[in-house]
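Protein chains in written order, with the working numbering: chain A, 331 to 545; chain B, 331 to 545.
Below: one structure, written as structure tokens.
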DNA sequence: CCAAAATCTGAGCTTTCCTTCATATATTGC
DNA sequence: GCAATATATGAAGGAAAGCTCAGATTTTGG
């Protein structure tokens with residue numbers, strides 16, 4: 331089902347000349363703008379093409395259908411996000427868990443905050459896709475990076491990394507998303523971020539205490 | 331915008347005879363089934379009516395349009411959920427925060443787990459609506475109940491209730507949702523639930539320690 | 001400078017689906 | 001039993017949107 335869901339979602343043709351690369355970029359940008367101004371329900375191929383300043387036919391030369399366009403847009407965004415998380419993780423090898431958690435939250439939170447409206451629009455567009463594959467692929471990729479990081483924490487038994495990773499990432503990603511779906515002002519958002527970090531660290535300390543006792 | 335989004339979403343006619351109440355129930359149940367089997371994208375009025383064993387015209391007698399149907403379905407579900415949370419909250423007045431948190435997680439988690447597939451289908455249907463109003467109304471209602479509960483905790487300064495409530499609910503609701511969107515087996519889900527409770531409690535203890543010191 | 005390849009165009013075909021309404025049937029109150 | 005009211009029907013109108021294709025335009029490589 332997973333592989334089938336992504337079938338026919340690949341670009342029909344890959345741009346080779348520079349003008350077509352410009353075209354594809356324009357289409358992506360137009361998709362974002364339509365998504366923001368009209369919402370997923372009113373996002374049509376004609377509207378996107380019009381906004382991008384190209385004809386519908388051109389759009390269909392690079393995306394076999396509307397779904398493929400939305401999927402490609404999300405892949406683009408998720409890849410960029412995954413790269414940032416991977417960088418963050420790579421830089422924290424050997425540090426303390428608390429630092430790792432803080433860095434992870436920081437990275438994720440900033441990435442989402444930079445374009446909060448886009449973040450929300452994309453969340454919705456994936457939901458409308460009825461397609462788990464996309465998010466799962468991203469989750470797996472990021473999980474690999476974060477688990478590897480936690481395994482190299484200076485103050486954590488490496489064998490606990492996987493379990494701790496699952497808990498932390500679920501809480502962090504979930505909380506961040508929820509924070510953005512509520513309509514909160516900047517202060518509340520900032521306060522939440524600090525408390526989320528606190529909470530994760532408090533839990534980690536309690537876990538560390540427990541493992542010390544049994545040693 | 332909020333009020334406008336819900337305009338025309340009210341039932342066109344309220345059932346008065348018992349047979350029509352049966353009809354409306356059948357339509358709701360059919361909507362759920364179509365949502366589960368076909369997904370939001372392929373949910374059409376004809377399909378719903380067919381599944382419900384009524385004609386399209388009948389459906390339009392109670393719901394002015396497709397959107398209203400989806401909204402009504404979600405309202406129904408969210409109201410039931412809100413009631414359960416309110417009950418949970420009412421029963422914990424005067425208890426310790428840790429008990430409150432555990433009860434809140436328990437309630438929320440079970441409600442979502444009972445029909446995990448429906449939970450996910452509804453999450454997606456709201457997303458497709460592009461409608462914050464619905465979720466906001468629910469969030470506000472539940473927040474009132476939980477904040478009131480925390481204000482009556484035996485081991486918490488009442489003035490901290492609001493802030494603590496925001497943090498806890500964001501983390502809990504977010505984490506629960508995220509847990510359901512990942513494809514995890516039952517064991518992992520159960521483990522997550524326990525750790526989420528642990529985490530909230532660990533944080534609360536650290537907050538209590540800090541306020542004790544300054545007193 | 002020219003042929004081949006790449007890219008672009010957009011009117012229009014087709015499909016899908018929402019919604020209406022004139023008509024028919026069932027229920028209620030008297 | 002009979003009017004008034006409530007409820008059900010589903011063919012058909014109409015609008016919206018996805019997608020195609022035959023031909024025009026631009027770029028490239030030699």
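For every residue, glycine included, the Cβ atom is placed at its ideal position computed from N, Cα and C.
Can you tell me the Cβ-Cβ gap for residue i and residue j, rounded? I've got them flagged as a contact below 8 Å.
{"i": "residue 497/B", "j": "residue 522/A", "result": "6 Å"}
{"i": "residue 451/A", "j": "residue 457/B", "result": "Going by Cβ atoms, the distance from residue 451/A to residue 457/B rounds to 10 Å, so no, they are not a contact pair."}
{"i": "residue 532/A", "j": "residue 532/B", "result": "4 Å"}
{"i": "residue 502/B", "j": "residue 526/B", "result": "7 Å"}
{"i": "residue 472/A", "j": "residue 415/A", "result": "5 Å"}
{"i": "residue 366/A", "j": "residue 460/A", "result": "That pair is no contact at about 22 Å."}
{"i": "residue 386/A", "j": "residue 376/A", "result": "6 Å"}
{"i": "residue 304/B", "j": "residue 504/A", "result": "A query on residue 304/B cannot be resolved here, the shown segment of chain B reaching from 331 to 545 and no further."}
{"i": "residue 358/A", "j": "residue 406/A", "result": "7 Å"}
{"i": "residue 508/A", "j": "residue 500/B", "result": "5 Å"}
{"i": "residue 488/A", "j": "residue 541/A", "result": "In fact, because the Cβ distance is near 12 Å, the residues do not count as touching under 8 Å."}
Compute the Euclidean distance between the alpha carbons of residue i and residue j, then round it to the nearest angstrom.
{"i": "residue 404/B", "j": "residue 454/B", "result": "11 Å"}
{"i": "residue 548/A", "j": "residue 374/A", "result": "No information on residue 548/A is available, as it lies outside the stretch 331 to 545 that chain A covers here."}
{"i": "residue 445/A", "j": "residue 354/A", "result": "21 Å"}
{"i": "residue 356/A", "j": "residue 349/A", "result": "10 Å"}
{"i": "residue 424/B", "j": "residue 464/B", "result": "31 Å"}
{"i": "residue 490/A", "j": "residue 402/B", "result": "45 Å"}
{"i": "residue 431/A", "j": "residue 419/A", "result": "10 Å"}
{"i": "residue 518/A", "j": "residue 426/B", "result": "25 Å"}
{"i": "residue 412/B", "j": "residue 529/B", "result": "24 Å"}
{"i": "residue 361/A", "j": "residue 484/A", "result": "45 Å"}
{"i": "residue 467/B", "j": "residue 410/B", "result": "13 Å"}
{"i": "residue 513/A", "j": "residue 347/A", "result": "44 Å"}
{"i": "residue 535/B", "j": "residue 437/A", "result": "27 Å"}
{"i": "residue 449/B", "j": "residue 516/A", "result": "30 Å"}
{"i": "residue 510/B", "j": "residue 392/B", "result": "33 Å"}
{"i": "residue 492/A", "j": "residue 408/B", "result": "34 Å"}
{"i": "residue 390/A", "j": "residue 372/A", "result": "18 Å"}
{"i": "residue 351/A", "j": "residue 394/A", "result": "17 Å"}
{"i": "residue 495/A", "j": "residue 476/A", "result": "7 Å"}
{"i": "residue 345/B", "j": "residue 417/B", "result": "29 Å"}
{"i": "residue 474/B", "j": "residue 378/B", "result": "35 Å"}
{"i": "residue 388/B", "j": "residue 429/B", "result": "48 Å"}
{"i": "residue 506/A", "j": "residue 520/B", "result": "22 Å"}
{"i": "residue 333/B", "j": "residue 343/B", "result": "Residue confidence for residue 333/B is low, a pLDDT of 37 falling below 50, so the modelled location carries little weight; the figure read from the coordinates is stated next. Cα-Cα distance, rounded: 20 Å."}
{"i": "residue 543/B", "j": "residue 543/A", "result": "26 Å"}
message: Using 8 Å as the cut-off, can you tell me whether the region 477–487 of chain B makes contact with the region 393–408 of chain B, which would need three or more C-beta pairs spanning the two stretches below that distance?
response: no
- request: Examine the Cβ distances between the region 437–444 of chain A and the region 371–386 of chain A and report whether three or more of them are shorter than 8 Å.
  value: The answer is no - the region 371–386 of chain A does not touch the region 437–444 of chain A, with fewer than three Cβ pairs under 8 Å.
- prompt: At a Cβ cut of 7 Å, what residues of the region 402–421 of chain B count as close to chain A, listed as they run along the chain?
  reply: Contacts with chain A (Cβ-Cβ distance below 7 Å) from the region 402–421 of chain B involve no residue at all.
field: Residues within the region 471–492 of chain A neighbouring chain B, beta-carbon criterion of under 7 Å
entry: The region 471–492 of chain A vs chain B, Cβ under 7 Å: nothing.
task: Name, going along the chain, the residues of the region 520–531 of chain A whose beta-carbon falls closer than 8 Å to a beta-carbon of chain B.
output: Only 521, 522, 525, 526, 528, 529, 530 from the region 520–531 of chain A bring a Cβ to less than 8 Å from some Cβ of chain B.
message: Using a Cβ-Cβ cutoff of 9 Å, what residues of the region 375–392 of chain A are near chain B? List them in chain order.
response: Within the region 375–392 of chain A, no residue qualifies.
- prompt: Along the region 452–465 of chain A, what residues have a CB closer than 9 Å to any CB found in chain B?
  reply: Result list: 453, 454, 455, 456, 457, 458, 459, 460, 462, 465.
- request: Would you list, in chain order, the members of the region 422–438 of chain B that have their beta-carbon closer than 9 Å to a beta-carbon of chain A?
  value: none
- request: Compile a chain-ordered list of the residues in the region 340–367 of chain A whose CB is closer than 9 Å to at least one CB of chain B.
  value: none
task: Using a Cβ-Cβ cut-off of less than 9 Å, give me the residues of the region 504–521 of chain A that come near chain B, in sequence order.
output: Those residues of the region 504–521 of chain A that come within reach of chain B (Cβ to Cβ, closer than 9 Å) are 504, 505, 506, 507, 508, 509, 511, 512, 513, 514, 518, 521.
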